[in-house]
Structure formats: C-alpha cells, structure tokens
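Its first residue numbered 26, the sequence shown is counted upward by one per residue in our numbering.
Quick reminder that beta carbons are idealized off the backbone N, C-alpha and C, glycines included.
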Amino acid sequence: MNQQQPSALSLYGKDITALASQNKLEPVIGRHEEISRAIQILSRKTKNNPILIGEPGVGKTAIVEGLATRIIKNDVPIGLKNKRLIELDMGLLIAGAKYRGEFEERLKAVLDEISQAQGNIILFIDEIHTLVGAGKSDGAMDAANLLKPMLARGELHCIGATTLSEYKLYIEKDAALQRRFQNVLVSESSVEDTISILRGLKSRFETFHGVTILDEALVSAAKFSDRYIADRFLPDKAIDCVDEACATIRVALDSSPKVLDNTRRDLMQLEIELQALISEQQKSNEERIKALKELIFRQKTNLIQLEDKVKTEKGQITQLQSLKSSLEQAKIESEQAKEKGFYEKAARLDYETIPQLQKDIEYLHDSIKLEVYQDKVDKNLIAQIVASWTGISVDTIIQQGENKVLNLKNLLLSDIIGQNEAIEKVTNVIYRAKAQLSRVDKPLGSFLFLGATGVGKTALAKSLTKHLFDHEKHMIRLDMSEYMESHSVSKLIGSPPGYIGYEEGGQLTSLVKQHPYSVVLFDEVEKAHPQVLNILLQILDEGHCHDSKGFKVSFKNTIIMLTSNIGSAYLLDNEMFNPTLAMNQLKSTLKPELLNRLDEIVIFNPLTMEHAKAIVQKSCSFTQDKLKEKGISLDINDDVYTWIAQKTFSQEYGARAIERGVVQYIENPCSLLILQGYKEQFKAIVKNDELLIEPVSNNIKEDINQ
C-alpha cells in the first residue's frame with residue numbers, strides 16, 4: 026500500500042497559525058504599530074514582502090507571532106483572512122543535502138507548494154540573511170536567487186527578520202533582493218513597555234514554573250536589566266531575568282531544603298559519635314553517651330517535624346500550581362469558545378469556572394504560610410540574578426547601598442588626608458547621579474584631578490572605587506604615557522579591519538564590556554596624543570563609544586577620572602599656590618571641548634606638615650594591623666609620628682615619600698626583629714634624634730632554628 030509522502034512544507038516548515046490556534050504561542054503585548062505596518066505591506070499588490078530589522082531580542086519573531094494570532098482571530102483585512110503563516114527552517118532545508126542539486130530540489134518543492142496554494146501561504150524566514158549564499162556550490166544558485174523570480178511576480182508572500190548589521194552585510198549588497206522587500210524597523214522596547222510585556226507573560230511563567238511572581242519583581246527586572254545589562258536589549262533581557270529567577274525558585278522547590286539536609290547531616294554525625302563511644306566501652310564515656318542519646322532523640326523528633334512540614338508545604342504549593350494551571354486552561358478554552366461561536370460554553374467558563382478558580386487560588390494563597398520553602402519571585406531575587414550576570418553587588422543593584430552612598434564622604438575623608446574640598450566636589454556629583462538628577466545617558470561622574478605629585482589624586486580614585494564598587498579591582502587604570510602616538514587610539518578601541526589585532530578588541534572597550542560598573546582612570550592625561558583624547562568626547566557626552574567592530578560600549582555605569590600634573594608648579598606649596606595660573610595652563614594645554622564636558626575640575630591642595638604627620642599615623646596603623654595578624658603588638662607614641670614626618674616630608678614628592686619613610690624606619694627594623702625570633706611586643710621610640718624599634722623587656726625570644 027502506498028503511503029502518502031509528507032509535504033515539503035511540513036518537512037521544512039512550522040505552521041505558526043496552527044500553533045496560534047492551539048494557543049501555544051506566548052501573548053504579544055504592544056508592537057501594534059509594527060504589526061499594522063507589516064499588515065499594510067502584505068496587503069500591497071507588488072513588493073508585498075516586509076522585512077523586520079532590529080537588534081537581537083527586541084521582539085521581531087514576536088511580531089510575526091502576533092500577526093499569526095490576529096489571522097486566527099480574523100483581526101486582519103480581507104486579503105489576509107484564512108492565510109497560513111509558515112516559518113521556513115533553513116537549517117532543516119540544508120541539513121543532509123549531500124548531492125549537487127539536492128538543496129535546490131528541496132527549496133523548489135517548497136516554492137511549488139506555496140505556488141499551488143494560490144497566495145494562501147505567507148512564508149516567514151527568520152535570519153533571512155542566511156538565504157544569501159545558502160546551498161551555493163560550483164554551478165549552483167543560492168537560495169536568494171531561487172526566491173527572486175517568485176518575489177518579483179508577487180507569487181510569494183514572504184516576511185523576513187534580521188539584525189541591522191546582518192542586513193547591511195548581506196541584504197543591502199544584493200540590490201535585486203533588497204528592492205523586493207519593504208523595511209519595518211523594530212526598535213528596542215522602553216522600560217514601561219517592557220513592564221507591560223512582563224505583566225502579560227506573568228501567568229504563563231507562573232503556570233510553567235509553579236511559582237508566584239510579585240509585581241515588584243517584574244518592575245525590577247525591567248529597570249535593573251535596562252540599568253545594568255548593557256550588551257543586550259529589552260524586552261529579551263528582562264524576560265530572561267524573570268525566567269531564570271522563576272527557575273531558581275523551581276529548582277529549590279524540587280530539591281531537598283538546606284535546613285532538612287543540615288538536620289540529617291547533624292543527626293548522622295551524632296550517631297557516628299555515639300557508636301564510636303559505645304565501642305570503646307569506657308566508664309568515662311557514660312555521661313557523654315547519655316547526653317548524646319538525649320540529643321539524638323531531640324534531633325530525630327525535630328527531623329520528623331521538619332519532614333512533615335516539608336511534605337505539607339510541598340503539597341500546598343503543588344495544589345496551588347494545579348489550580349493556576351486549571352485557571353490558565355479555562356482562559357484558553359474560553360477564548361477558543363468565543364472564536365468558534367460557542368457563547369454558552371464561554372459564558373459558563375467566564376462567569377462560573379474562572380471566578381471559582383480565582384477564589385480558590387486567592388484563598389489557598391492567603392492560607393499558605395511557608396517556613397521552609399520560598400515560592401515567590403521578588404525584587405531581591407531579581408537583583409541576585411542580575412548580580413550573577415554582571416558581577417555587581419546585590420546591595421548596589423537594589424539601592425540598599427544608599428546608606429553607604431550617604432556615608433561616602435566620611436569614608437573618603439578617613440582615607441584621604443588634606444583634600445576635604447576635593448572630596449566635597451566628588452561626592453556632590455555622585456550624590457546627584459545616585460539621586461538620578463543628572464543625565465542618565467552620561468557616565469555617573471567625570472572629573473579632572475589637578476595637583477602636584479603625591480597629594481592623593483590616584484589614592485582618591487582608588488578609595489572611591491573601593492567604597493562605591495566594593496573592591497579596588499573595579500578600577501580600570503590606563504597610563505596615558507603609553508598613548509603618545511596618534512595610532513595609539515587603536516589600542517583603546519581596537520585595530521581597524523585588516524590590521525593586526527582586529528579580532529582582539531581594544532584595551533578600554535574590552536575591559537568596560539567585561540566590567541561595566543567601574544572607575545576608569547586616565548592617568549597623566551596630558552601625555553596622551555590629542556586624537557586619543559577625542560575618544561573621550563563621545564564617552565563624556567553620550568555615555569558610550571563604538572569599538573573597531575562597530576559594537577556600542579556603554580559607559581553610563583562608570584565614573585571617568587582624568588589625572589594631570591599640568592600647572593603643578595603653581596600647586597606645589599602653600600606659598601606659591603595659585604589655582605588661577607594652573608587653570609590657565611590647563612586651558613592652554615587641553616581642548617575646551619574636553620574640559621567643557623567634565624562634571625568637575627578638582628584642584629588638590631598641597632600637603633602641610635600637619636597632613637604629613639596624619640599620613641604617617643595612618644601608614645603606621647596599617648603596619649600595626651599586619652603585625653597584629655602575626656600576634657605581635659607595636660607601640661608607637663606621638664613623638665615617633667612627628668619624627669618620621671619631619672624626616673620624610675617634602676612638597677616635591679608628597680605622600681609617597683612619607684610612605685617610603687614608614688617602610689624604612691618602621692617595617693624594616695620590625696622585619697629584622699621577627700627574623701631574629703622576637704615576638705609578642707615591640708615599641709618604637711625616639712632617642713638622640715634616632716628612631717629605634719625595640720622588643721619590650723619581658724619579650725620571649727624564640728629559637729629561630731627550632
């Protein structure tokens with residue numbers, strides 16, 4: 026008996042309208058303009074082929090699914106009613122086509138079936154740029170050339186989808202193919218639109234994962250992903266965030282709770298200890314054995330109660346999930362009944378079944394008091410997901426770090442000595458950014474630090490990184506003395522196409538892509554070539570730049586810091602301190618368009634002897650902390666701080682000379698005493714204008730060879 030051969034469209038295509046009729050597609054929220062534009066193009070007599078162009082994840086395929094849903098609901102013009110929307114799978118079409126002409130034969134069979142349908146089929150090709158060159162070999166045509174005749178005659182209704190970069194690379198170069206399509210640009214969703222989309226998908230996610238999603242989680246997913254995930258697009262990244270958060274809760278629900286595992290483990294350890302003591306058969310162990318038996322009894326009772334609680338909670342969660350699934354199914358059946366004209370069934374579902382299910386869900390939801398499990402996706406969990414993707418701390422994301430930001434000024438003042446005005450200017454800019462009163466498309470802050478060497482410019486950048494971004498490793502430091510040539514710009518953003526290093530990317534753009542939440546320090550900016558500084562103009566003004574491959578790199582979560590020694594001769598000491606002359610020299614060195622884009626130009630004051638003494642004290646406290654870790658205390662009196670400050674401080678070298686002095690006069694002698702075997706307590710004293718580090722009289726000397 027001859028079996029009927031499956032059609033080419035069923036082999037290599039997927040009927041989207043059939044999926045829509047079975048309610049297997051996700052609901053499409055918004056995108057009315059794009060769907061209407063696609064319908065308008067499809068209704069034309071000629072060149073009636075829309076091509077959806079947009080970045081990955083903006084919702085191009087969702088627009089086609091929305092169109093399929095409209096066709097099923099008859100919410101389209103007469104010319105599109107009862108059409109079938111079929112997605113062609115280019116991978117299936119090419120896979121296994123070993124012999125010459127086999128691919129063309131398959132594609133021709135598909136096109137013949139479409140032609141026989143007499144305009145009743147609309148073909149959707151996702152990643153339509155793959156048509157160009159697909160199946161091409163010596164003496165054969167590619168897929169694009171096979172489609173062109175039918176597209177030209179209007180026999181083929183086709184919807185394409187591709188990204189902007191791939192459209193330019195493949196479609197634009199083939200003018201004959203390009204002119205047969207009409208562009209529909211699909212832009213990224215706004216945060217507000219994304220929240221609406223997430224609310225529309227909420228019930229589907231809840232039913233699939235068996236969890237409860239709070240509205241605050243949906244709002245947070247849209248806002249956090251927009252703020253902190255720069256290399257992907259809305260709504261895709263927000264949807265992924267919610268999906269992963271739901272999956273996290275689901276995995277936890279399906280696994281044994283940690284508290285139950287810990288209780289079982291503790292019980293096992295107690296039983297092992299009991300068996301070991303019993304096997305020893307010693308009278309001295311009797312009290313401990315008795316105590317262990319009582320402890321094991323309590324632990325077993327606790328375990329039984331805990332297991333009962335786990336079983337009860339899991340049963341309640343399963344029941345709630347079952348009710349939600351029933352509610353979702355009832356809504357689907359109601360929609361289908363209305364479409365088919367079964368209004369009595371639809372009314373029964375809408376006014377009896379669905380309200381009763383909603384009432385049952387609400388009652389069960391209020392009665393469940395979970396202690397062991399968590400079944401809710403909330404703001405904190407969304408923050409944890411975003412933190413795991415980006416490396417940013419959870420506190421920073423959920424803005425619980427507000428107290429840390431408010432305390433930022435005090436933290437910086439404790440780290441940096443003698444620069445109160447500079448710290449005031451920096452923190453004011455950060456406060457504005459955190460309060461979202463400054464432009465959101467710019468970096469969080471941009472500063473130029475002017476001052477003599479060793480006054481604390483780089484130290485302030487490090488301290489700000491540590492307190493704002495939790496660790497000094499989040500500082501990207503670029504020494505501009507390495508960028509003195511005009512071609513050095515390629516080191517920042519990557520080499521142009523065709524040059525060595527094109528695939529490696531730029532030092533700046535690559536690091537910011539990996540660490541989007543960081544301080545970017547351009548050290549000694551006056552040494553860089555002017556063309557290198559031109560890159561900064563776009564970063565400071567627009568909050569982004571493009572690397573050599575054309576990828577957009579966002580700087581809106583960074584703080585840009587430039588340090589310079591320009592005019593340092595006028596900022597060296599209090600007698601010659603003249604900020605006006607230093608600013609004049611700065612303006613004559615750097616372009617006004619660069620200076621004009623900075624939030625603050627911060628001038629650092631010269632250090633005084635009083636500041637030097639405070640720096641000595643601070644450096645010595647670090648040394649004391651290191652010795653304390655070894656169990657050694659070091660006593661230092663005020664005379665020692667004064668002596669080191671007087672010996673080491675100079676306006677010319679600043680704090681670095683002081684820190685070297687602490688190493689020379691404190692750390693070196695302490696190291697020698699430790700190696701000689703002394704421990705526990707040292708003291709630093711000034712005697713005859715000499716600084717001595719001595720072990721105290723009752724100090725115990727260890728045999729170092731022991």
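First and last residue of the uninterrupted beta strand (DSSP E) at Leu503 = Numbered from its first residue, the sequence shown carries residue 503 at position 478. Taken as a continuous stretch (DSSP letters only), the beta strand (DSSP E) holding Leu503 covers Met500 to Asp504.
task = Taking only the alpha-carbon atoms, compute the straight-line gap between His182 and Arg131 and give it to the nearest angstrom.
result = Within the sequence shown, numbered from 1, the residue matching residue 182 stands at position 157. Within the sequence shown, numbered from 1, the residue matching residue 131 stands at position 106. Roughly 19 Å separates the two Cα atoms.
message = For the ligand PLP, is there any heavy atom lying closer than 7 Å to the beta carbon of Val157?
response = By its list of ligands, the structure shown contains no ligand whatsoever, and the ligand PLP lies outside what it can speak to.
CB of Lys108 within 8 Å of CB of Ile97, strictly = By 1-based counting over the sequence shown, the position of residue 108 is 83. By 1-based counting over the sequence shown, the position of residue 97 is 72. The criterion of a C-beta distance shorter than 8 Å is not satisfied by Lys108 and Ile97.
query = Nearest to Leu374 by alpha carbon, out of Val537, Glu358 and Gln65?
reply = Start at 1 with the first residue of the sequence shown, and residue 374 comes out as number 349. For the residues Val537, Glu358 and Gln65, the minimum Cα distance to Leu374 belongs to Glu358.
inquiry  = Using a Cβ distance threshold of 8 Å, determine whether the segment 690 to 699 contacts the segment 652 to 669, with at least three qualifying pairs required.
reply    = yes
ask   = Where does the unbroken alpha helix (DSSP H) through Lys538 begin, and where does it stop?
value = Mapped onto the sequence shown, residue 538 falls at position 513. Gln532 to Gln539 is the span of the alpha helix (DSSP H), which, as asked, contains Lys538.
query = What residues are listed by DSSP as bridge partners for Glu715?
reply = By 1-based counting over the sequence shown, the position of residue 715 is 690. Beta-bridge pairing links Glu715 to Lys712.
message = Can you give me the C-alpha to C-alpha distance between Phe68 and Ala134, rounded to a whole angstrom?
response = Stepping through the sequence shown from its first residue, residue 68 is reached at position 43. Stepping through the sequence shown from its first residue, residue 134 is reached at position 109. Sequence check: residue 68 is Ser here, not Phe. When rounded, the distance between both Cα atoms is 26 Å.
query = The alpha helix (DSSP H) spanning Ala247 covers which residue range?
reply = Against the sequence shown, residue 247 aligns to sequence position 222. That run of the alpha helix (DSSP H) goes Asp240 to Tyr253.
key: Cβ-Cβ separation, Leu632 to Ala594 (assumed contact under 8 Å), whole Å   = Numbered from its first residue, the sequence shown carries residue 594 at position 569. Numbered from its first residue, the sequence shown carries residue 632 at position 607. Incorrect: roughly 16 Å between the Cβ atoms, too far for contact.
Completely contained alpha helix (DSSP H) runs for the segment 88 to 157, where each covers 4 or more residues = 115 to 119 and 127 to 141
message = Give the list of continuous beta strand (DSSP E) stretches no shorter than 3 residues that lie fully inside the segment 576 to 635.
response = 577 to 579, 584 to 589 and 625 to 628
request  = With a 10 Å radius around its C-beta and 16 neighbouring C-beta atoms as the bar for buried, classify Gln141 as buried or exposed.
outcome  = Working through the sequence shown from its first residue, we reach residue 141 at position 116. So Gln141 counts as exposed.
query = Between Val687 and the rest of its own chain, which residues show a CB-CB distance below 7 Å, the 5 nearest in sequence each way excluded?
reply = Walking along the sequence shown from the start, residue 687 turns up at place 662. Closer than 7 Å at the Cβ level, and outside the excluded window around Val687, lie Val641, Ser644, Cys645, Thr648 and Ile669.
ask   = Pairing CB atoms from the segment 48 to 60 with CB atoms from the segment 217 to 225, are three or more of them under 8 Å?
value = yes
request  = Please work out which residues of its chain come closer than 8 Å, Cβ to Cβ, to Lys70, disregarding the five sequence neighbours upstream and downstream, and give them in chain order.
outcome  = On the sequence shown, residue 70 is found 45 positions in, with the first residue counted as 1. Counting only Cβ-Cβ distances below 8 Å, and skipping sequence neighbours, we find Gly179.
inquiry  = Per the DSSP calculation, Phe734 is bridged to which residue(s)?
reply    = Absent from the model: residue 734. The displayed extent of the chain is 26 to 731, so no value can be given.
Top-ranked residue by Cα proximity to His499, from Met505, Ala486, Lys638 and Ser513 = Residue mapping note: residue 499 aligns to position 474 of the sequence shown, counting from 1. Cα-wise, what sits closest to His499 is Ala486.
query = In terms of alpha-carbon separation, which member of Leu697, Ile66, Thr415 and Lys516 lies closest to Ala553?
reply = As a working note, residue 553 is residue 528 in the sequence shown. Answer by Cα proximity: Lys516.
task = Starting from Asn208, trace the alpha helix (DSSP H) both ways and give me its first and last residue.
result = Counted from its first residue, the sequence shown places residue 208 at position 183. No alpha helix (DSSP H) holds Asn208; the beta strand (DSSP E) holding it covers Gln207 to Leu210.
message = Given a cut-off of 8 Å on the beta-carbon distance, is the pair Ala242 and Ile220 in contact?
response = In the sequence shown, residue 242 corresponds to position 217, counting from 1. In the sequence shown, residue 220 corresponds to position 195, counting from 1. Going by C-beta atoms, Ala242 is not nearer than 8 Å to Ile220.
query = For the segment 564 to 575 against the segment 228 to 240, are there 3 or more C-beta pairs whose distance is under 8 Å?
reply = no
ask   = Is Glu112 buried or exposed, if buried means 16 or more other CB atoms sit within 10 Å of its CB?
value = Within the sequence shown, residue 112 is the residue found at index 87, counting from 1. Flag for Glu112 reads buried.
request  = May I have the straight-line CA-CA distance separating Lys577 from Ile254, to the nearest angstrom?
outcome  = Your numbering for residue 577 matches position 552 in the sequence shown. Your numbering for residue 254 matches position 229 in the sequence shown. Lys577 and Ile254: Cα-Cα distance of roughly 13 Å.
query = The beta strand (DSSP E) spanning Phe474 covers which residue range?
reply = As a working mapping, residue 474 is identified with position 449 in the sequence shown. Segment Gly470 to Leu475, the beta strand (DSSP E) holding Phe474.
query = His636: which of Leu698, Ile442 and Lys651 sits nearest, CA to CA?
reply = Here residue 636 is taken as the residue at index 611 of the sequence shown, counted from 1. Closest by alpha carbon: Ile442.
inquiry  = Mapping the DSSP letters down to three states, classify Glu441 as helix, strand or coil.
reply    = Here residue 441 refers to the residue found at position 416 when the sequence shown is read from its first residue. Checking the displayed sequence, the identity of residue 441 turns out to be Ile instead of Glu. Ile441: coil per DSSP, three-state reduction.
ask   = Is it right to say Asn74 is buried, meaning 16 or more other beta carbons lie within 10 angstroms of its own, or is it exposed?
value = Counting from 1 along the sequence shown, the entry for residue 74 is found at position 49. Under this definition Asn74 is a buried residue.
ask   = Beta carbon of Leu562, beta carbon of Glu618: below 8 Å?
value = By one-based count along the sequence shown, residue 562 stands at place 537. By one-based count along the sequence shown, residue 618 stands at place 593. The answer is yes: Cβ separation under 8 Å.
message = So, at 6 Å on beta carbons, what are the nonlocal neighbours of Ile60 in its own chain, with the 5 sequence-adjacent residues on each side left out?
response = As a first step, residue 60 must be located in the sequence shown, where it is residue number 35. These residues qualify, in order along the chain: Ile88, Gly91 and Leu92.
task = Determine the direct distance from the alpha carbon of Ser214 to that of Pro81, and round the result to whole angstroms.
result = By one-based count along the sequence shown, residue 81 stands at place 56. By one-based count along the sequence shown, residue 214 stands at place 189. Roughly 12 Å between the two C-alpha positions.
request  = Determine the DSSP secondary structure at Pro75, reduced to helix, strand or coil.
outcome  = As a first step, residue 75 must be located in the sequence shown, where it is residue number 50. In the structure shown, Pro75 sits in a strand (DSSP, three-state: E or B).
message = What does the alpha-carbon distance come out to for the pair Ser32 and Leu171?
response = Numbered from 1 along the sequence shown, position 7 holds the residue referred to as residue 32. Numbered from 1 along the sequence shown, position 146 holds the residue referred to as residue 171. Distance between the alpha carbons of Ser32 and Leu171: 19 Å.
task = Please name the residue in Asp391, Leu436 and Leu475 whose C-alpha comes closest to that of Gln341.
result = For the purposes of this step, residue 341 is taken as the residue at position 316 of the sequence shown. It is Asp391 whose Cα lies nearest to the Cα of Gln341.
ask   = Who pairs with Thr237 in a beta bridge, going by DSSP?
value = Along the sequence shown, read from residue 1 onward, the residue named residue 237 stands at position 212. Thr237 is bridged to Lys401.
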